[in-house]
Amino acid sequence: RKDHRNGIKRPRRKRCPGMKGVDPKFLKNLFYARKGLLKKKLERKPSEAKPNPTEKKQE
């Protein structure tokens with residue numbers, strides 16, 4: 438009875454689930470895919486980037 442007073446809660450879900458036990462071939466490909474995305478992000482010019490609405494405009 439006491440267990441149910443605050444409700445039996447499920448365990449919190451992590452934002453990023455662990456990669457333990459995942460196929461090694463998939464993990465290696467994931468590493469290269471993320472590396473490529475990062476490279477492309479750095480190459481993009483700042484003028485093409487979307488303006489952040491939370492930032493204050495400089496006048």
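Note that the numbering used here has the sequence shown beginning at 438, numbered continuously upward.
C-beta: ideal position from N, C-alpha, C; glycine also.
These figures come from a predicted structure and were not determined experimentally.
**Report entry** Euclidean distance between Cα positions of E480 and G473
**Finding:** Mapped onto the sequence shown, residue 480 falls at position 43. Mapped onto the sequence shown, residue 473 falls at position 36. Whole-angstrom Cα-Cα distance: 11 Å.
Report task. Following the continuous alpha helix (DSSP H) through P461, name the residue where it begins and the one where it ends. Result -> The residue given as residue 461 occupies position 24 in the sequence shown. Segment 461 to 480, the alpha helix (DSSP H) holding P461.
Report task. Output the distance between the C-alpha atoms of F463 and T491, rounded to the nearest integer angstrom. Result -> In the sequence shown, residue 463 corresponds to position 26, counting from 1. In the sequence shown, residue 491 corresponds to position 54, counting from 1. Cα to Cα, F463 sits roughly 37 Å from T491.
Query - Straight-line gap, F468 to I445 (C-alpha atoms, nearest Å) - result: Position 31 of the sequence shown, counting from 1, holds the residue named residue 468. Position 8 of the sequence shown, counting from 1, holds the residue named residue 445. So the two alpha carbons sit approximately 38 Å from each other.
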